[in-house]
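**Student:** Sharing a structure below in structure tokens format, with a few things to ask.
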Amino acid sequence: MTAETSRRLRADAARNSGRIVRAARELWAEQGPDALLEDIARRAGVGIATLYRHFPDKAGLVRAALDQSFAEDIAPAIERALGDDDPRRGLATVLEAAMSTAGREHNTLAAARNSGAITAEASSPFIESLTLLARRGQQAGLIRADLVPDDLPRIMVMLMGVLWTMEPGSDGWRRYLALVLDALSPGALSSGGASPLPPAVPLRSPRKRGGWPV
Numbered sequence: 128m129t130a131e132t133s134r135r136l137r138a139d140a141a142r143n144s145g146r147i148v149r150a151a152r153e154l155w156a157e158q159g160p161d162a163l164l165e166d167i168a169r170r171a172g173v174g175i176a177t178l179y180r181h182f183p184d185k186a187g188l189v190r191a192a193l194d195q196s197f198a199e200d201i202a203p204a205i206e207r208a209l210g211d212d213d214p215r216r217g218l219a220t221v222l223e224a225a226m227s228t229a230g231r232e233h234n235t236l237a238a239a240r241n242s243g244a245i246t247a248e249a250s251s252p253f254i255e256s257l258t259l260l261a262r263r264g265q266q267a268g269l270i271r272a273d274l275v276p277d278d279l280p281r282i283m284v285m286l287m288g289v290l291w292t293m294e295p296g297s298d299g300w301r302r303y304l305a306l307v308l309d310a311l312s313p314g315a316l317s318s319g320g321a322s323p324l325p326p327a328v329p330l331r332s333p334r335k336r337g338g339w340p341v
């Protein structure tokens, strides 16, 4: 096999993989998290054997779908937020991007939950960005000082939880994001309108029984 042929085969494989992942996201959005892998392969224009060569199980396909969605919708928001002079506004930018994406990818998240594809490793780049922005906000006096890093994934779980109470595609989550952002303001605490936070408890890994209900 020539080097040119090898490169062409790798490029074809990458295109097939991308088509499969995008087809999966489309069908989960249309049909729900239990859409058949055969239908996903058909939508992608490949055979089921090709799908299984790329993704031997559904969890692998779901993780690839989450990665694709993150790269397209959330990573650019993180980049903008980290370059923003106002870290509180940057934090709001990332949270809004995450909630907007989750609203669109509601059934992909359901598939991830059902297949056990959500792990601490998968969410760590997102949580790390929130932690950095929150720390910058505290240093600038824009985020309440008693917020700790373990609060951030829990806040995200709280926000994600409202999605399951709404019709898919609804932007009703914006109301609760606004409430959370106000609660993170140091003004509410210093003015006596909010109580100091009780002590934080260690964060449980989503791999343990029950996981995070996102």
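In our numbering, each residue's number is its place in the sequence shown (first place is 1) plus 127. Quick reminder that beta carbons are idealized off the backbone N, C-alpha and C, glycines included. These figures come from a predicted structure and were not determined experimentally.
1) Kindly provide the ranges of any alpha helix (DSSP H) runs that are 4 or more residues long and lie completely inside the region 161-187, ordered along the chain.
2) What do you reckon, are the CB atoms on Ser256 and Glu232 nearer than 8 Å?
3) Let me make sure I understand the geometry here. Which of Gly243, Arg263, Ala229 has the alpha-carbon closest to that of Arg190?
4) Leaving aside the five residues before and after Val173 along the sequence, list all residues of the same chain whose C-beta is less than 8 Å from its C-beta, in chain order.
5) Is the Cβ-Cβ distance between Ala156 and Asn241 less than 8 Å?
6) To the nearest angstrom, how far is the alpha carbon of Ala208 from that of Ile175?
7) Just to confirm the assignment, what range does the alpha helix (DSSP H) spanning Trp300 have?
**Tutor:** By the coordinates alone:
1) Segments of the alpha helix (DSSP H) lying fully in the region 161-187: 164-171, 175-181.
2) Cβ distance not < 8 Å, so Ser256 and Glu232 don't count as in contact.
3) The residue with the shortest Cα to Cα distance from Arg190 is Gly243.
4) For Val173, where only same-chain residues beyond five positions count, the Cβ hits under 8 Å are Asn143, Arg146, Ile147.
5) No, the pair does not count as a contact, with Cβ atoms beyond the cut-off.
6) Spanning the two alpha carbons is a distance of roughly 40 Å.
7) Its alpha helix (DSSP H) spans residues 300-310.
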